[in-house]
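What follows is a short report on a single structure.
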Amino acid sequence: MPAVAILARFVLLEARRSGLPWLVAASLAAALGLAAFVSQVALTESIALQAAFSAALLRACAVVLVALHVAASTVREANDKGLELMLTLPISRSAQYAGRLAGYVALGVVISACFALPLLLWSPPAPVELWAASLALETAMVAAAALFFSMALVQPVPAFAATAGLYLLARAIGAVQSIAASPLAEPTLAHRLARWSIDVVALLLPRLDAATRTDWLIYGAPTASAYITALAGLALYSLLLVAAGLFDFHRRNL
Amino acid sequence: MSRDERPLTAVPGWIWLALAACLALQLAWAGMRPGMLHRAEDLPPAPRLVALRLASLGEPEALARLAMLYLQAYDLRGANDVPYQDLDYQRLVAWLGVVLALDPKSEYPLFSAARVYAEVPDPAKAGVVLDFIYREYLKDPNHRWQWLAQAALVAKHRLHDLPLALRYADAIDRYTTASDVPLWAKQMRIFILEDMNELQAAKVILGGLLASGAIRDPAERRFLERHLEGLEARQVGQANGGKMSRP
Chain A
637 MPAVAILARF VLLEARRSGL PWLVAASLAA ALGLAAFVSQ VALTESIALQ AAFSAALLRA
697 CAVVLVALHV AASTVREAND KGLELMLTLP ISRSAQYAGR LAGYVALGVV ISACFALPLL
757 LWSPPAPVEL WAASLALETA MVAAAALFFS MALVQPVPAF AATAGLYLLA RAIGAVQSIA
817 ASPLAEPTLA HRLARWSIDV VALLLPRLDA ATRTDWLIYG APTASAYITA LAGLALYSLL
877 LVAAGLFDFH RRNL
Chain B
3 MSRDERPLTA VPGWIWLALA ACLALQLAWA GMRPGMLHRA EDLPPAPRLV ALRLASLGEP
63 EALARLAMLY LQAYDLRGAN DVPYQDLDYQ RLVAWLGVVL ALDPKSEYPL FSAARVYAEV
123 PDPAKAGVVL DFIYREYLKD PNHRWQWLAQ AALVAKHRLH DLPLALRYAD AIDRYTTASD
183 VPLWAKQMRI FILEDMNELQ AAKVILGGLL ASGAIRDPAE RRFLERHLEG LEARQVGQAN
243 GGKMSRP
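Which chain is which? The protein sequence lines are A and B, in order. Heads up, the first sequence is in the working numbering, so the first residue is 637 and it goes up one at a time. Heads up, the second sequence is in the working numbering, so the first residue is 3 and it goes up one at a time.
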């Protein structure tokens with residue numbers, strides 16, 4: 637078995653033996669319970685309400701669980717000197733990084749599949765499959781970001797905060813750009829600088845607001861071009877994070 | 003958070019290449035994607051106040067202002083030449099109302115209503131906004147009179163609806179009791195009545211204002227006295243013209 641696959645298997649084994657499966661189950665129970673509750677108080681669109689509410693909640697849970705698990709696992713291993721031990725083995729740094737990331741990506745795929753299953757109660761299979769694939773890629777990007785920040789910062793709280801900040805900014809950057817373009821504001825130098833800065837930041841971020849959209853579940857699947865564009869943006873950004881992570885890992889002096 | 007680092011030469015060449023290629027691709031990809039446009043028809047129905055208050059997490063002042071930024075992005079750069087004219091104004095005033103209810107002291111919703119949304123060329127849409135301003139003014143006349151005064155100006159000069167302008171000016175005079183309200187706001191109805199050729203009514207109100215002693219500034223008093231004389235002269239002129247024109 638290649639080294640990358642062995643490392644990925646260990647990462648998955650660690651996740652299975654931690655409290656993560658219980659957290660996934662608790663997230664599912666919370667989403668189903670809350671969806672049942674809100675459907676009881678809704679006057680209309682109770683099916684759409686359950687689908688939308690559960691999808692939004694489960695998407696947030698998937699992202700938070702993956703980011704927290706990657707940060708905690710990576711930093712713990714660094715603190716236990718497990719990373720140093722791994723580097724003494726005849727495995728290249730790139731293979732070690734890729735193996736670890738492959739495990740976290742596989743974990744995201746499993747969580748995405750688990751979270752997509754209850755959505756079949758309220759939405760047709762085709763949009764749910766598209767939603768699940770998009771969530772899997774989104775969690776892969778989050779895992780790549782969390783691994784990069786965890787390796788670079790080597791502390792769980794800053795690593796998670798940086799990952800969450802990147803994620804939230806990527807979700808909001810489209811709206812922020814739209815607001816910044818308002819001609820109602822005075823066209824001062826400061827305003828132009830602010831707008832320019834936001835445009836530059838937007839160049840360095842993926843457009844997460846276009847991915848894993850709840851409206852796919854309640855209004856039908858997106859067009860092929862919109863879907864492919866959204867997922868291609870996520871894949872490209874994940875590759876950028878992997879390249880940055882590899883660069884940083886190769887410079888690290890353990 | 004400093005740490006020992008190996009030299010840059012320790013990084014394999016293919017990683018340099020991969021990083022540069024991914025960064026270039028990301029910049030190109032992000033540069034090509036179209037910006038997010040909030041079209042008029044995308045404006046969703048206003049949320050309920052309870053939902054907005056819950057979403058504010060105890061920071062209603064901040065959320066009210068952010069909600070205004072969100073709202074003003076709709077139909078800003080659509081295909082239309084005039085911003086905001088394609089918006090559904092019933093939805094718009096519902097949004098403005100809920101944001102104002104979230105933070106009643108904020109001036110942003112009423113400012114936007116009076117200075118931005120009421121400026122559209124469609125009289126029906128402008129009327130919806132002016133009516134909203136009037137209703138909200140009645141809830142707090144001493145702090146919101148300036149927006150109703152602006153609404154009166156819009157009604158008079160843009161809509162050319164003098165009865166509507168007079169209604170707003172009357173309301174300011176009747177309900178606003180704060181001492182810091184300038185007299186020009188209180189005197190608006192005199193000039194509107196004059197524009198409506200209601201010279202007798204304007205004369206009575208102006209005479210009453212001067213007689214009440216409310217105007218203490220000598221220059222302002224002189225100006226209004228001259229204005230009263232002018233009104234009387236116009237009234238006499240009208241009366242003579244009317245007599246002469248009779249057979």
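Beta carbons: idealized from backbone N, C-alpha and C, even for Gly.
- Out of B:100, B:160, B:134, which has the shortest C-alpha to C-alpha gap to residue 124 of chain B? That would be B:160, whose Cα lies nearest to the Cα of residue 124 of chain B.
- Measure the alpha-carbon distance for residue 54 of chain B versus residue 61 of chain B and round it to whole angstroms. Rounded to the nearest angstrom, the two C-alpha atoms are 10 Å apart.
- Residues of its chain near residue 741 of chain A, where Cβ-Cβ distance is below 6 Å and the 5 sequence neighbours each way are ignored: By the criterion of a C-beta distance shorter than 6 Å, residue 741 of chain A is surrounded in its chain by 776, 779, once the five residues flanking it on both sides are discounted.
- Message: Counting beta carbon pairs with one atom in the region 762-771 of chain A and one in the region 707-721 of chain A, are three or more of them shorter than 8 Å?
- Response: Result no; under three Cβ-Cβ pairs closer than 8 Å.
- Query: For chain B, is any of its Cβ atoms less than 8 Å away from the one on residue 642 of chain A?
  - Reply: Residue 642 of chain A does not count as touching chain B.
- Under a Cβ-count criterion, where at least 16 other Cβ atoms within 10 Å of its own Cβ denotes burial, should residue 886 of chain A be classed as buried or exposed? Buried is the call here.
- Item | residue 880 of chain A classed as buried or exposed, judged by whether at least 16 other C-beta atoms fall within 10 angstroms | Buried, since its Cβ has 16 or more Cβ neighbours within 10 Å.
- Item | Limits of the alpha helix (DSSP H) - the one that residue 758 of chain A falls within | Where residue 758 of chain A is concerned, there is no enclosing alpha helix (DSSP H), because DSSP gives it neither an H nor an E.
- Under a CB-based cut-off of 8 Å, is residue 97 of chain B close to chain A? Output row for residue 97 of chain B: interface = no.
- Pull out every residue of the region 771-789 of chain A whose Cβ sits closer than 9 Å to any Cβ of chain B, in chain order. Using a CB distance below 9 Å, the part of the region 771-789 of chain A facing chain B consists of 788, 789, ordered along the chain.
- Evaluate contact between the region 794-810 of chain A and the region 837-849 of chain A, counting only Cβ atoms and requiring at least three cross-stretch pairs below 8 Å. Between the region 794-810 of chain A and the region 837-849 of chain A there are three or more C-beta pairs closer than 8 Å, enough to call the two in contact.
- Item | Reduced DSSP secondary structure (H/G/I, E/B, other) of residue 200 of chain B | Coil at residue 200 of chain B, not helix or strand.
- Flag residue 245 of chain B as yes if its beta-carbon sits less than 8 Å from any beta-carbon of chain A, otherwise no. The pLDDT assigned to residue 245 of chain B is 47, lower than 50, so where the model puts this residue is not dependable; a value taken from the coordinates is nonetheless given after this. Not flagged as an interface residue toward chain A: residue 245 of chain B, since no C-beta distance is shorter than 8 Å.
- Message: Comparing C-alpha positions only, which one of A:793, A:666, A:702, A:647 sits nearest to residue 718 of chain A?
- Response: Ranking A:793, A:666, A:702, A:647 by Cα distance to residue 718 of chain A puts A:647 first.
- Query: Taking one C-beta from the region 679-697 of chain A and one from the region 721-732 of chain A each time, how about it: are there three or more such pairs within less than 8 Å?
  - Reply: Counting Cβ pairs under 8 Å, fewer than three are found: no touch.
- Measure the C-alpha to C-alpha separation of residue 56 of chain B and residue 50 of chain B and round it to an integer number of angstroms. Their backbone Cα atoms lie some 10 Å apart in a straight line.
- Task: Can you tell me which of the three DSSP states residue 888 of chain A falls into?
- Result: In this structure, DSSP gives residue 888 of chain A an extended state, which the three-state scheme calls strand.
- First through last residue of the alpha helix (DSSP H) which encompasses residue 145 of chain B: Where residue 145 of chain B is concerned, the enclosing alpha helix (DSSP H) starts and stops at 143-155.
- Counting only runs that start and end within the region 689-725 of chain A, where is the beta strand (DSSP E) found for 3 or more residues in a row? Correct list: empty.
- Message: Counting only C-beta atoms, is residue 619 of chain A closer than 8 Å to chain B at any point?
- Response: Since the displayed chain A opens at 637 and closes at 890, residue 619 of chain A lies outside it and no answer follows.
- Query: Does any CB atom of chain A fall closer than 8 Å to the CB of residue 150 of chain B?
  - Reply: Closer than 8 Å: no.
- Determine the extent of the alpha helix (DSSP H) in which residue 107 of chain B is found, giving its start and end residues. Taken as a continuous stretch (DSSP letters only), residue 107 of chain B belongs to no alpha helix (DSSP H), as it is neither H nor E.
- Query: Touching or not, the region 138-156 of chain B and the region 166-178 of chain B, by the rule of three or more beta carbon pairs under 8 Å?
  - Reply: As far as the Cβ criterion goes, the region 138-156 of chain B touches the region 166-178 of chain B, which means the pair count is three or higher.
- Distance cut-off 7 Å: residue 670 of chain A Cβ against heavy atoms of the ligand SAH: With respect to small molecules bound, the structure shown includes none, and the ligand SAH cannot be examined in it.
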